[in-house]
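Participant: Have a look at this one before I ask anything.
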Amino acid sequence: MIVESPAKAKTIKGYLGPGYVVEASVGHIRDLPGGAAEVPAKYKGEPWARLGVNVDHDFEPLYVVNSDKKDQVKKLKELLAESDELLLATDEDREGEAIAWHLQQVLKPKVPVKRMVFHEITKDAIQNAVRNPRDLNQRLVDAQETRRILDRLYGYEVSPVLWKKVMPRLSAGRVQSVATRLVVERERERMAFRSAEYWDLTGTFATGQAGDASAPAGSGAGSGTGAAGDPATFGARLTTVDGRRVAQGRDFGSDGRLKDQSAVLHLDEGGARSLAAALENTEFAVRSVESKPYRRSPYAPFRTTTLQQEASRKLGFGAKSTMQVAQKLYENGFITYMRTDSTTLSDTAVSAARSQVTQLYGADYLPDKPRTYAGKVKNAQEAHEAIRPSGDRFRTPAETGLTGDQFKLYELIWKRTVASQMKDAVGQSVTVKVGGRSADGRDAEFSATGKVITFHGFLKAYVEGADDPNAELDDRERRLPQVAEGDPLRAREMSVDGHATKPPARYTEATLVKELEEREIGRPSTYASIISTILDRRYVFKKGTALVPSFLSFAVVGLLEKHFGRLVDYDFTARMEDDLDRIAAGNAEAVPWLRRFYFGEGEEETGAAATAGNGDGDHLGGLKELVSDLGAIDAKGVSSFPVGEGIMLRVGRYGPYVEGPSQQEGEPGQRADVPDDLPPDELTVDYAKELLAKPSGDFELGTDPETDRPIVARDGRYGPYVTEVLPEGTPKTGKNAVKPRTASLFRSMSLDTITLQDALKLLSLPRVVGVDPESGNEITAQNGRYGPYLKKGTDSRSLESEEQIFGITLEQALEIYSKPKQRGRAAAKPPLKELGTDPETERPVVVKDGRFGPYVTDGETNATLRRDDDVETITAERGFELLSEKRAKGPAKKKAPAKKAAAKKTAAKKAPAKKTAAKKTAAKKTTAKKATKTATKTATKAPAKSAKKTATKSTAKKTASDKSSEE
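Just so it is clear: in the sequence shown, position 250 is 250 by the working numbering, and no numbers are missing.
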């Protein structure tokens, strides 16, 4: 039996008898070539080789076995030779079906092959899946292959445009570029936003039960509650004055102006205070009481995207972290499969949930009939049920033995599942309107709303979070006093409140996932990897939980919108997803669709592939034509954005900077670097002027008496440094190029205090300390990436401080070299900050200063702080989250030269049987030679250690990353 991950294999192995061997493929075993080095020699001359797809021959893919999977493939072949049946037990989705197909093509089994599927890893589910295998679903394989080819064509054709016109090593992708555009467009809205100020009044009203209205609120019996625990005072907000509605935030546009001035009354501070004063002695009365029944039904069980959203709101998990933790829970048999579009629960799950409702909350909370939930996802293609606790009896969180993030996520899933089979929450919602006439004759009306829950139902088990931190949750009650129309009320207080409209909130991971799903862009199972990609590519960075676009993403999105408009059009991308679903359903053919998308043929067709052109859609050209002529793309233009008053923001190869107005025609203006972590909406004209007004970093320190060249100190992107200014006309490129001497400032130095003498000393490095009398090698003292050190030939020794570079003598240097070289770590530095005990590992967590900057550690796992993390402000929860993410990734892969050599030696012996690449058609041919039966048996009984080690070290992260192939 072959599954994807070692963890899953280990769990399943315990449910099967001794007649089964369970092994992992460790994700995909082959894929399109990742670069020129992976393209087999026989194809390197082909014009389509760089794509890995033969676009001229029905878009035939070129598959190669991944270099890190060759040992594992060899092991699988050896085990298969000793087996009498092969069960392909990969996940039941497109990716899982494709992995199974690739395994069958590469292993070429001579024994019967069966496809085994399950959606939870429990003993009953596994044994039932063994008894009920099915055939491979070729339609799912074709759909995954079409998607993979499409993403390869998109990524490999459009990304080079970004390299040439914006910056090297950038990437474009069918969904990642659209996701980035969403984040950029939200920032544009924030940049264009103009805030508006508005004021309103809130009155605190007392009923007759509140006693003397002159008594201060909250004192004595007068502020007590009335009958049945109802309050005797309540707050109400001013809603109308003389019949005109008082303006609220929703009445203002993004330009700061009222949308309809005639419909609402805009109160400024003076008007609000004046009205409050006029209402001081007004007699108020209840004008109306409207009561309505309140009912709230349970939320549907989790699917992939709702789990990601709720884990973000309630646990602070990123989408990627959520999926990594869920993967572990699934592989260890705690939950059902976590990549699903379905909200359906099996009969077994419904029975288990209803049983726990009765046990934990009582029969009063159990509805007469089981609840069912209709799917809301268009073209839902994952054929499993909702995410739920596994088994026919749900383990409570306390029964699982889980800890840390796994416990938190399991508890969230368990609560949601149980709550989905509970009764509605019911109660009453009440709206009370209060009116009175001010001293100056104005009619003022106030409104208050209340909610009383008489039966909490499912809210006893679970309350959904909200994206808006100020939003009122479903279980929040607001009690109002028992009043009737005409009842007199007295105002205890009139408070005047000022407000300002706020720009639209930035996306968080949860709200971006929600937006992508609502627009039907991409597949829910890939959203976590998409968000991870745009973060890793630095198109987006985090500020708290908010996703902030970088200036680089503005340049990339601007270029794509102007020259590849269709490719980042939201509707076009959604239609493309529909087309892929039609192919999966057998209602469309992959090759004609890909031909239209790439070559632009078949203009009579409809759908996304037939409208891949740019601009206004009149031209129905294909992708190839779009990327063929880049002359019309102004590289400087797409990376330049006006800030105002002649100041431009430019995205250069080394980061963003602002450029002031040119003082002379044809000459660039003054420039200043822009902080990488500055949110674009905070780059105002005033701030840009501030940056430009700062010293450019060219502090002229004087002239080097030996070279007569000016010496300046500068504040560079990687810190302060000193350099010499070369004479005009000095060649900077070519064979005769001259490079200026440059040296970073010591940590003890600053631009404010450095002198010419200091600079000349720095520029003189490396300093010759002397000559070793024994070896004759010169000993030098210099400053490097990891601090000050001595160097003698290839032997380097660290120095304790930068000052030693200029003060150490030959005798002291020889003494250092006379001692054995310290191979271990240097004495540990004291921590920068203590964060407390990690709830997952129960180890103390601290922040330390490392070689590559500050990091958090629990003594076993280290995690570098991200760009938006700060040592001073980092919280314990953030530190625990970084460590949890690092643990989820697993140990970094290490190169093993000895193993490589052995692998090459083995390969050399079996060169005729080695297969480096295979097209789909070629994969169906028989191999040239067969390994001898004796050799195969021997290898099977004692599998190569290197192959076993490779499989064991692979982690759930690798399996998860193989699940999505968005370029």
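C-beta atoms are modelled at their ideal positions from N, C-alpha and C, and glycine is treated no differently.
Quantities reported herein were computed from a predicted structural model and do not represent experimental measurements.
Contact defined as beta carbons within less than 8 Å: I believe Tyr198 pairs with His499. What is the distance between those atoms, to the nearest angstrom?
Facilitator: Against the sequence shown, residue 198 aligns to sequence position 198. Against the sequence shown, residue 499 aligns to sequence position 499. With 8 Å as the limit, Tyr198 and His499 qualify as a contact, their Cβ atoms being about 5 Å apart.
Participant: Mapping DSSP to helix, strand and coil, what is Gln664?
Facilitator: The count along the sequence shown starts at 1 and reaches residue 664 at position 664. In this structure, Gln664 counts as coil in the three-state DSSP scheme.
Participant: Counting Cβ pairs closer than 8 Å, one from the stretch 405-424 and one from the stretch 278-291, do we hit at least three?
Facilitator: With a cut-off of 8 Å, the stretch 278-291 and the stretch 405-424 do not count as touching, because too few Cβ pairs lie within range.
Participant: With DSSP as the reference, please indicate the residues paired to Phe641 in a beta bridge.
Facilitator: Looking up residue 641 in the sequence shown gives position 641. Phe641 pairs with Leu649.
Participant: Look up Met494 in the DSSP assignment and say whether it is helix, strand or coil.
Facilitator: One-based indexing of the sequence shown puts residue 494 at position 494. Three-state result, Met494: strand.
Participant: Determine, using beta carbons only, whether Ile711 and Leu756 come nearer to each other than 8 Å.
Facilitator: The sequence position of residue 711 within the sequence shown is 711, counting from 1. The sequence position of residue 756 within the sequence shown is 756, counting from 1. Going by C-beta atoms, Ile711 is nearer than 8 Å to Leu756.
Participant: According to DSSP, simplified to helix, strand and coil, what is Phe446?
Facilitator: Residue numbering aside, residue 446 sits at position 446 when the sequence shown is read from its first letter. It is a strand residue.
Participant: Sorted by chain position, which residues of the same chain lie with C-beta nearer than 8 Å to Val643's C-beta, five sequence neighbours on each side aside?
Facilitator: Along the sequence shown, one-based indexing puts residue 643 at 643. So the list reads Leu649, Val658, Leu683, Thr684, Val685, Ala688, once near-sequence residues are dropped.
Participant: Write down the C-beta distance between Val557 and Val184 rounded to the nearest angstrom, noting that I regard them as a contact closer than 8 Å.
Facilitator: As a working mapping, residue 557 is identified with position 557 in the sequence shown. As a working mapping, residue 184 is identified with position 184 in the sequence shown. Right, their Cβ atoms sit about 5 Å apart.
Participant: Between Lys833, Lys13, Glu145, which has its C-alpha nearest Arg30's C-alpha?
Facilitator: Stepping through the sequence shown from its first residue, residue 30 is reached at position 30. Answer by Cα proximity: Glu145.
Participant: For His444 and Lys314, I'd like the C-alpha separation in whole angstroms.
Facilitator: Your numbering for residue 444 matches position 444 in the sequence shown. Your numbering for residue 314 matches position 314 in the sequence shown. Checking the sequence, you will find Ala at residue 444 rather than His. Approximately 41 Å, taken between the alpha carbons.
Participant: Near Val651, which residues of its chain fall below 6 Å by C-beta distance, leaving aside the five closest residues on each side in sequence?
Facilitator: Here residue 651 refers to the residue found at position 651 when the sequence shown is read from its first residue. Excluding positions up to five away in sequence, the list reads Phe551, Leu552, Ala555, Ser639.
Participant: DSSP beta-bridge partners for Pro854?
Facilitator: Here the question's residue 854 lines up with position 854 in the sequence shown. DSSP output for Pro854 lists Asp849 as bridge partner(s).
Participant: For a quick check, are the C-beta atoms of Phe446 and Ala236 less than 8 Å apart?
Facilitator: Against the sequence shown, residue 446 aligns to sequence position 446. Against the sequence shown, residue 236 aligns to sequence position 236. Against a cut-off of 8 Å, the Cβ pair of Ala236 and Phe446 comes out as a contact.
Participant: Might you give, ordered along the chain, the residues of its own chain that have their beta carbon closer than 6 Å to the beta carbon of Asn777, omitting 5 neighbours on each side?
Facilitator: To locate residue 777, count along the sequence shown from 1; it is residue 777. If we look at Asn777 and ignore the five residues flanking it on each side, its Cβ neighbours are Lys792, Gly793.
Participant: Ile816 by DSSP, collapsed to three states: which one?
Facilitator: Stepping through the sequence shown from its first residue, residue 816 is reached at position 816. Of the three classes helix, strand and coil, the one that applies to Ile816 here is helix, per DSSP.
Participant: Could you check what DSSP says for Glu774 in three-state terms: helix, strand or coil?
Facilitator: Locating residue 774 in the sequence shown gives position 774, counting from the first residue. Of the three classes helix, strand and coil, the one that applies to Glu774 here is coil, per DSSP.
Participant: Apply the 10 Å Cβ neighbour rule to Ser884 and answer buried if 16 or more other Cβ atoms are within range, or exposed otherwise.
Facilitator: For this step, residue 884 is matched to residue 884 along the sequence shown. With 16 or more Cβ atoms within 10 Å of its Cβ, Ser884 is classed as buried.
Participant: Report the rounded CA-to-CA distance for Tyr330 versus Val548, giving the unit in angstroms.
Facilitator: Along the sequence shown, one-based indexing puts residue 330 at 330. Along the sequence shown, one-based indexing puts residue 548 at 548. Each residue's Cα considered, the two are about 32 Å apart.
Participant: Using a Cβ distance threshold of 8 Å, determine whether the stretch 723-731 contacts the stretch 765-784, with at least three qualifying pairs required.
Facilitator: Because the criterion of three Cβ pairs below 8 Å is not met, the stretch 723-731 and the stretch 765-784 do not touch.
Participant: Can you tell me whether Asp795 is helix, strand or coil according to DSSP?
Facilitator: Working through the sequence shown from its first residue, we reach residue 795 at position 795. It is a strand residue.
Participant: Tell whether a beta-carbon distance below 8 Å holds between Val64 and Pro33.
Facilitator: Here residue 64 is taken as the residue at index 64 of the sequence shown, counted from 1. Here residue 33 is taken as the residue at index 33 of the sequence shown, counted from 1. Result yes, Cβ atoms of Val64 and Pro33 sit closer than 8 Å.
Participant: Just the C-alpha distance for Val175 and Pro675, rounded to the nearest angstrom, thanks.
Facilitator: Here residue 175 refers to the residue found at position 175 when the sequence shown is read from its first residue. Here residue 675 refers to the residue found at position 675 when the sequence shown is read from its first residue. Distance between the alpha carbons of Val175 and Pro675 is about 28 Å.
Participant: Name the residue from Thr90, Thr322, Pro680, Asp405 whose alpha carbon lies nearest to the alpha carbon of Ala192.
Facilitator: Stepping through the sequence shown from its first residue, residue 192 is reached at position 192. Nearest of Thr90, Thr322, Pro680, Asp405 to Ala192, Cα basis: Pro680.
Participant: Less than 8 Å between the C-beta atoms of Leu489 and Ala206, yes or no?
Facilitator: The sequence position of residue 489 within the sequence shown is 489, counting from 1. The sequence position of residue 206 within the sequence shown is 206, counting from 1. Against a cut-off of 8 Å, the Cβ pair of Ala206 and Leu489 comes out as a contact.
Participant: DSSP three-state label for Glu464, please.
Facilitator: Locating residue 464 in the sequence shown gives position 464, where the first residue counts as 1. Looking at Glu464 - three-state DSSP - the assignment turns out to be coil, as it is neither helix nor strand.
Participant: Check the C-beta distance from Val53 over to Leu62 and give it rounded, since I have them as a contact under 8 Å.
Facilitator: Residue numbering aside, residue 53 sits at position 53 when the sequence shown is read from its first letter. Residue numbering aside, residue 62 sits at position 62 when the sequence shown is read from its first letter. Yes, they are in contact, since the Cβ atoms of Val53 and Leu62 sit about 7 Å apart, within 8 Å.
Participant: What does a CB cutoff of less than 8 Å around Leu366 pick up in its chain, not counting 5 residues either side in sequence?
Facilitator: The sequence position of residue 366 within the sequence shown is 366, counting from 1. Arg354, Val357, Thr358, Gln421, Met422, Lys423.
Participant: Report yes if the CB atom of Pro591 is closer than 8 Å to the CB atom of Asp58, and no otherwise.
Facilitator: On the sequence shown, residue 591 is found 591 positions in, with the first residue counted as 1. On the sequence shown, residue 58 is found 58 positions in, with the first residue counted as 1. Here the sequence assigns Val to residue 591, which means Pro is not the residue at that position. In contact: Val591 and Asp58 (Cβ atoms closer than 8 Å).
Participant: Per DSSP, which one or two residues make a beta bridge with Pro710?
Facilitator: Residue 710 sits at position 710 when you count from the first residue of the sequence shown. Thr703, per the DSSP bridge assignment.
Participant: Extract the residue ranges of the beta strand (DSSP E) inside the stretch 399-444, only unbroken runs of 3 or more that lie entirely within it.
Facilitator: 425-437, all fully within the stretch 399-444.
Participant: Helix, strand or coil for Leu738 per DSSP?
Facilitator: What you label residue 738 is simply residue 738 of the sequence shown in a count that begins at 1. Residue identity check: residue 738 is Val in the sequence provided, not Leu. Coil at Val738, not helix or strand.
Participant: Beta-carbon within less than 6 Å of Val21's beta-carbon, same chain only, minus the 5 sequence neighbours each way: which residues are those?
Facilitator: Looking up residue 21 in the sequence shown gives position 21. Taken in chain order, the residues that qualify are Leu79.
Participant: With 16 as the cutoff for other CB atoms within 10 Å, does Glu4 come out buried or exposed?
Facilitator: Taking the sequence shown and counting its residues from 1, the one referred to as residue 4 is at position 4. Glu4 should be labelled buried.
Participant: Quick one: what does DSSP say Phe554 is sitting in, helix, strand or coil?
Facilitator: Working through the sequence shown from its first residue, we reach residue 554 at position 554. In this structure, Phe554 counts as helix in the three-state DSSP scheme.
Participant: Kindly indicate which three-state DSSP category Gln359 falls into: helix, strand or coil?
Facilitator: Residue 359 sits at position 359 when you count from the first residue of the sequence shown. Correct three-state label for Gln359: helix.
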